[in-house]
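Numbering (this note's numbering), first residue to last: 7 to 1151. See below for the structure under consideration.
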């Protein structure tokens, strides 16, 4: 942002600064054209800038050395409008000449100026020429960052202005020489929204509005540590006694305090407030905690002396989490770089301090291979020390270390048993949890650095915070001869480890003080013996490890999909089978970790964790009576508002056993009835439901072991052949050459059946986008195959999906006069109701009923088809919703049939993997087959390319932005429309609805939807070629990400007389449709979003929500949701889809 010849000129970097902080833009604008005081520039930042220029020039030299023609656009150091115009003219002349590469291409449209590192010629016709250009920037970083793409979108916009056509791709050359390419269309809508918002902000920053903005107190953001204005803003917060100074306060709480009556605007006002004056939206418990924190900070500031307040001791909370000290105790800290590579951080330093020896030890791993070795060396050192000190504990501060160790054991597939043992034995002790549950201090932060004031720990290492160690390590990656950088990081890490020891000692003193103050005993945390592993299971695990070892012999370490694809075919198969053997164990680990973490959570944390149901309060005043032979009693509990999970099998955090059977949940009154054993006093101890134990997957595991043990020397010849073909992504069809086209011209059952009949003990992938009639096509094919005497299996992850397909099969078979015997392994509590008067499908709860000759069609989940004793000799196994089936489970059931038919769409609700798996082994079978592609290629499977549901305007949006343009609307859908005094026509609509401080529910959005429904219910609808008719409740569907919004809408709609309108979450409505679909996002801004950007804007969920609509899709959301600072390029792509929708609406 600068003044040139009296004109305000902007650049792409101004957009990035605006994205970081709006106050930053206002401050920049207020000082435009003026000299202003800036932070002292770190000399190492200058070094980085110089290295960036050197990296760019090396790349330029390599291009010139290759013989390509390069045109260099000279930089005119006299900043003037004329100079900018000359630079662009020279750039246009170079492009018109067809130069292969243009260096420092200059763009100037009269307001925006920029210089792109490189323009690279591509043979894509545009503006009457057989060539065009794409932008490439050289960056020192090892991973792409959102701000790179903002700049590239800016340059590409300028190219479009000149050539009339936008580039297809943009490119980044990273510091390691790797070239990454990105499809511009997946980011440009987000860029356009950002630019429009920036220009609107600049237009508004005039006169009194600018003065008002500059007078505001800005909230601290991540960019503050790098900002030229940070000291000014910090002074302003101090001068105004701003609430953001209160430790652990959230921005939504600050807004709610400001809206209180009377308003609470400063830390001193909060400190002086009464505990009873909690404003709406902040619970009394949270308000009391905030007020106490503010009071301590005010006292510490006013008195100039450290302030501390002990909290009342609770069993297994706070000081109760401290184990008895042991001479062998270890004090541990790790350093990691979350930005090392896209989607992969690096844990590069493991530091330990041994107090009994007064010795520090460091384990370094500066790349993925040495990371593994450092991790193994650290774990081995701990194991060896535990032999000497069996009751030692490992102390750390905050959850990073525990989570990193979990991740590393599964990422590298090493020391998993040892890490499991440390976790189950509760060897790791998080002192941050102890601190926040045991006491309060008068500091604005609870980082270990801030606590050191209280135990007088003095630091000397030249680093300010953990983030600085990341920056220093990134600098070392660019200058690996500079060992001083690593030495400084190690000194910093050692101080962290020593500080952790001194913190533990100080907490032991405060523990004694708490016993005296509260007149109570505080027992040491009891030692937990790790669960013993039965001898038989231990032998099985040892045999499994030996089997994996043999498979992996001679194969290099593999982490990424690219590394896996680089292996030869045989090695790739061997490596894949070795990893699939561990899939289920890796999936279980995070589930067990969630259980143990939830058991240690505080009352408030359990309420805030969506995997739990927290804050249970027994409502029964007297003991419920026993009924008949029932030995258990049903108790009623109330619970506070929260996003929660409640299902049978969940555990009592106190006993770690089943909490009982859920009899009823009243979501509106927030009550739950649970049948459980024990008297009323025992019932009173139940305060939460925490996640259930993992489901037993022994059938699938055993099947994978059987397959792997039977592998021949040449694995490509192994059986089942269908499993090998899936792993090689190579369907074999008689009469079709390898890589020959499989996709028929018309994608109906009659056209696909010939392909199925020619399957050669292989697989067929049929991808069914929304409304493409996947289940109908499948049921028609299955009925025909049954009529031809084939034996069929039907499998899915859910019984709902199985029953839906069975219904259609029975109807299709009946219409064709085909009779068959079907047997369905039904789950406990499930009922299957046939659509036929004389059902073809019977149900059973016994696996033993599935024997040869028992049926022509067998149906069930993978738990049925993975069993060795199920000998049905199936010709085809149809796996429905295969986008939710893990690759490991698809391989495990492959022996059940000669051929596998995979039906589904991984771009709708996909399989959720809990574990960390190397080489993409955590993907669904369809995700594995697709790789990075959006749709299955005509040589690899069949894409059902016609949607019979969506109006062409809706289908076009979904097709372009989700399915690579391959999905078309059926001709009849063009006739679909809605008529009403409100919403009218067909296609996409956006109803921006302003609101604030909403996390899971928005009354404003609900009222807007209710208003539109009132108009709609007086209107008409036409679906396809059907006759227009009056709109009824069943024609309207309301989808939302959150249960709280669902409950709010259900109540308001029922009260308004529209109880027949269906309301539900995205997961509930997959497979359903309606003429009009509202998607209400409920959250005011990303700060309030309970599960963050990745949940709210996840592409698959958005696809499902929008594609339910036959005539009209209506997005109802706060416009503030579009103004989000993305921290990854993946988030940027997700938000781009929402911006695209808004542009198209």
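Using N, Cα and C, we set each Cβ at its ideal position, and we do this for glycine too.
Check: Pair within 9 Å by beta-carbon distance, residue 802 and residue 867; Outcome: yes
Check: Start-to-end residues for the beta strand (DSSP E) that takes in residue 1085; Outcome: 1080-1086
Check: Member of 665, 462, 682, 813 whose CA lies at the smallest distance from the CA of residue 638; Outcome: 682
Check: Sequence-distant residues of its chain with Cβ nearer than 6 Å to residue 1127 (five each side left out); Outcome: none
Check: Three or more C-beta pairs below 8 Å linking the segment 950-962 and the segment 620-629; Outcome: no
Check: Test item: CB-CB of residue 421 and residue 356 under 9 Å; Outcome: no
Check: 8 Å contact criterion, which residue 361 and residue 335 should meet: CB distance rounded; Outcome: 7 Å
Check: Proximity below 9 Å, CB of residue 1022 to CB of residue 982; Outcome: no
Check: Residues bridged to residue 671 (per DSSP); Outcome: 678
Check: Inter-residue CB distance, residue 1007 and residue 1051 (contact presumed, cutoff 8 Å); Outcome: 5 Å
Check: Option nearest residue 1178 by Cα separation, candidates 258, 316, 435; Outcome: Here the chain comprises residues numbered 7 to 1151, so residue 1178 is not present and cannot be evaluated.
Check: Short Cβ contact (9 Å threshold) for residue 5 with residue 1108; Outcome: There is simply no residue 5 to check, as the chain begins at 7 and stops at 1151 in what is shown.
Check: Secondary structure, alpha helix (DSSP H): runs of 4+ residues fully inside the segment 425-485; Outcome: 437-444, 454-461, 472-484
Check: Beta-carbon spacing of residue 443, residue 327 below 9 Å; Outcome: yes
Check: Identity of the residues DSSP links to residue 57 by a beta bridge; Outcome: None; residue 57 has no bridge partner.
Check: Cβ-Cβ distance between residue 480 and residue 343 below 9 Å; Outcome: yes
Check: For residue 1094 and residue 254, the rounded distance between their alpha carbons; Outcome: 15 Å
Check: CB of residue 911 within 9 Å of CB of residue 774, strictly; Outcome: yes
Check: Cα-Cα separation, residue 20 to residue 31; Outcome: 8 Å
Check: DSSP three-state assignment for residue 1140, whether helix, strand or coil; Outcome: helix
Check: Bounding residues of the alpha helix (DSSP H) (the contiguous stretch that carries residue 826); Outcome: Looking at the DSSP string, residue 826 is not in any alpha helix (DSSP H), and its letter there is neither H nor E.
Check: Neighbour-count burial assignment, residue 232, 16 or more Cβ in a 10 Å radius; Outcome: exposed
Check: Cα-Cα separation between residue 783 and residue 754, rounded to whole angstroms; Outcome: 6 Å
Check: Where residue 1140 falls, given that 16 or more other Cβ within 10 Å makes a residue buried; Outcome: buried
Check: Bridge partner(s) assigned by DSSP for residue 998; Outcome: 1123
Check: Host alpha helix (DSSP H) of residue 23 (start-end); Outcome: 18-26
Check: Residue 79 (DSSP reduced to helix, strand or coil); Outcome: coil
Check: Top-ranked residue by Cα proximity to residue 529, from 330, 458, 769; Outcome: 330
Check: Whether residue 133 touches residue 170 by CB criterion (9 Å); Outcome: yes
Check: Same chain, Cβ closer than 7 Å to residue 1004, neighbours up to 5 away in sequence not counted; Outcome: 1088, 1089, 1090, 1094
Check: Per DSSP, cross-strand counterpart(s) of residue 985; Outcome: 1026
Check: Identity of the residues DSSP links to residue 905 by a beta bridge; Outcome: 882
Check: C-beta atoms of residue 321 and residue 298 nearer than 9 Å; Outcome: no
Check: Euclidean distance between Cα positions of residue 283 and residue 260; Outcome: 15 Å
Check: The segment 930-946 touching the segment 591-610, judged by at least three CB pairs closer than 8 Å; Outcome: no
Check: Contact under 9 Å by Cβ, residue 121 with residue 137; Outcome: no
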